[in-house]
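Working notes, beginning with the structure itself.
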DNA sequence: TTAGCATGTGAATATAAGTTCACATGAGGT
DNA sequence: ACCTCATGTGAACTTATATTCACATGCTAA
């Protein structure tokens, strides 16, 4: 039998296992059996620590919210110049989803959007904060003359995030056949041409 | 009993019903029962016209490919100025997914990407052509001086599509709480500020 | 007209997935 | 040492879903 550990530990393990399953097999394949397999424990033990699938989803949503927002807020609050902050946030985001492909897949899964509204609302709130954070950095960049005047900070933030998001989607659609990092770097440099 | 119609007609009806189900309930809820219900026929009759779910998916992928590419190719082949073409393609795309939210949801579903590779490959090819078409229009725009020199046509095309895609995703995530058309218009005007 | 065949359907079947249950095990407090 | 309770698990249960089947129906061509 598996070594015994506290619920606190097991919950973290299960959330991580869930993220791994989404990353490798997608939300559709996110079954209790798959999670249990990835976490190396029995299905019944999952239920010892979570009341059901919904609670696991909530836990994952919270984890993702913290992971995405935590980093961005720290960078935005730093003392570097806006454009430098923007670049750091951009590539942090790319690296995060490159390391955890399950993150965008979960956040933008229509199963979540249409089948778990409460969780979707939680995520929408976090994404909204994230967009605002980036919007603030861009506004500062415009104010300091690093980005061209006349730009709409919010729309420019959405454009940047769309670049990442769309590339991640194409990456999965194309069966990971191109280099995610290289592709986003090209987009970033083109963005610099566009925005300053 | 339902009025009898030829397989050719029924196939179209079933594909349309499938697209409606994806649009209203997502890929996760795309069951034979849901399709049959939406098409107003029995489940067994679905199997009279399609060998199974995979064949329905293939049919939908083909329909989507034609819908998206057909329009864009026509516009790109026209005689207007590049920037005008670009704007028309952009808003045609927005209108298309606004009218058929199932299109992006199906194309970017990880169930398709990870569970139906053959269909994903078909879609990837179409999307690739679509990107190339837009890239060509942007390149022409640069050559004719409507868009600023130094822009990378391909990356700019990806940026534009990312704007639409990301907005569509946020739209679903936010439970359709904002106006898709208005939001994309703001993005388009900001793009004009960025790109010329 | 009518035989044949394409089309339509309720019911049955098989499999998968979420959840519960009865029982096992062992770490930590007394 | 041992009692208790949190933790762990195989098996059973329930529901959902894809698919098949036996049978019904009515268009169409000769």
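Chains as they are written, first to last, in the working numbering: chain G, 1 to 196; chain B, 1 to 196. Yeah, the Cβ is synthetic: ideal placement off N, Cα and C, and Gly gets one too.
Residues in the same chain with beta-carbon distance under 7 Å from residue 58 (chain B), minus the five sequence neighbours each way, listed in chain order, please.
The residue you call residue 58 (chain B) lines up with position 58 of the second chain. Excluding residues within five positions, the ones whose Cβ falls inside 7 Å are 119.
9 Å is my cut-off, CB to CB: does residue 198 (chain G) come that close to chain B?
The structure shown does not extend to residue 198 (chain G), since chain G is modelled only from 1 to 196, so the question has no answer here.
Cβ of residue 116 (chain B) within 9 Å of Cβ of residue 175 (chain G)?
For the purposes of this step, residue 116 (chain B) is taken as the residue at position 116 of the second chain. For the purposes of this step, residue 175 (chain G) is taken as the residue at position 175 of the first chain. Going by C-beta atoms, residue 116 (chain B) is not nearer than 9 Å to residue 175 (chain G).
Looking at the unbroken alpha helix (DSSP H) that takes in residue 166 (chain B), where does it start and where does it end?
Counted from its first residue, the second chain places residue 166 (chain B) at position 166. Element bounds for residue 166 (chain B): 153-173.
Residue from G:182, G:36, G:15 whose Cα sits closest to the Cα of residue 106 (chain G)
Taking the first residue of the first chain as position 1, residue 106 (chain G) is located at position 106. Residue 106 (chain G) has its Cα closest to that of G:15, out of G:182, G:36, G:15.
Range of the contiguous alpha helix (DSSP H) that encloses residue 37 (chain B):
Position 37 of the second chain holds residue 37 (chain B). Per DSSP, residue 37 (chain B) belongs to the alpha helix (DSSP H) from 32-39.
Who are the Cβ neighbours of residue 28 (chain B) in its own chain at under 8 Å, not counting the five residues just before and after it?
Within the second chain, residue 28 (chain B) is the residue found at index 28, counting from 1. The answer, listed in chain order, is 111.
Please give the ranges of any alpha helix (DSSP H) in the stretch 8-86 of chain B, keeping only runs that are unbroken, at least 4 residues long and fully inside the region.
32-39, 43-49, 53-76
Sorted by chain position, which residues of the same chain lie with C-beta nearer than 7 Å to residue 43 (chain G)'s C-beta, five sequence neighbours on each side aside?
Position 43 of the first chain holds residue 43 (chain G). Once the five neighbours on either side are set aside, the close Cβ partners of residue 43 (chain G) are 32, 33, 36.
Inter-residue CB distance, residue 196 (chain G) and residue 146 (chain G) (contact presumed, cutoff 8 Å)
In the first chain, residue 196 (chain G) corresponds to position 196, counting from 1. In the first chain, residue 146 (chain G) corresponds to position 146, counting from 1. The Cβ separation is near 6 Å, so the contact holds.
For a cutoff of 9 Å on Cβ pairs, would you count residue 54 (chain B) as touching chain G?
Within the second chain, residue 54 (chain B) is the residue found at index 54, counting from 1. So no, residue 54 (chain B) is outside the interface.
So what's residue 5 (chain B) in DSSP terms, helix, strand or just coil?
Residue numbering aside, residue 5 (chain B) sits at position 5 when the second chain is read from its first letter. Coil at residue 5 (chain B), not helix or strand.
Environment of residue 144 (chain G) [buried if 16+ CB atoms lie within 10 Å]
As a working note, residue 144 (chain G) is residue 144 in the first chain. Its Cβ having fewer than 16 others within 10 Å, residue 144 (chain G) is exposed.
Quick one: any contact between the stretch 119-129 of chain B and the stretch 121-138 of chain G, if contact means 3 or more CB pairs under 8 Å?
no
Please say whether residue 164 (chain B) and residue 94 (chain B) have beta carbons closer to each other than 9 Å?
Mapped onto the second chain, residue 94 (chain B) falls at position 94. Mapped onto the second chain, residue 164 (chain B) falls at position 164. Yes, these two residues count as a Cβ contact at 9 Å.
Sorted by chain position, which residues of the same chain lie with C-beta nearer than 6 Å to residue 97 (chain B)'s C-beta, five sequence neighbours on each side aside?
For the purposes of this step, residue 97 (chain B) is taken as the residue at position 97 of the second chain. The residues are 103, 104, 168.
Going along the chain, which residues of the stretch 157-181 of chain G sit with their C-beta nearer than 8 Å to a C-beta in chain B?
158, 159, 161, 162, 163, 164, 165, 166, 167, 169, 170, 172, 173, 174, 175
Cβ shell of residue 158 (chain B) (< 7 Å), same chain only, five flanking positions each side left out:
For this step, residue 158 (chain B) is matched to residue 158 along the second chain. Same-chain partners within the cutoff: 131.
C-alpha gap between residue 201 (chain G) and residue 101 (chain G), whole angstroms
Missing from the structure shown is residue 201 (chain G); chain G here goes from 1 to 196 and no further.
Classify residue 1 (chain B) as buried or exposed, calling it buried when 16 or more other Cβ atoms lie within 10 Å of its own Cβ.
The residue labelled residue 1 (chain B) in the question sits at position 1 within the second chain. When all chains shown are included, residue 1 (chain B) counts as exposed.
Short check: CB of residue 191 (chain G) to CB of residue 161 (chain G), under 9 Å?
The residue given as residue 191 (chain G) occupies position 191 in the first chain. The residue given as residue 161 (chain G) occupies position 161 in the first chain. No, the pair does not count as a contact, with Cβ atoms beyond the cut-off.
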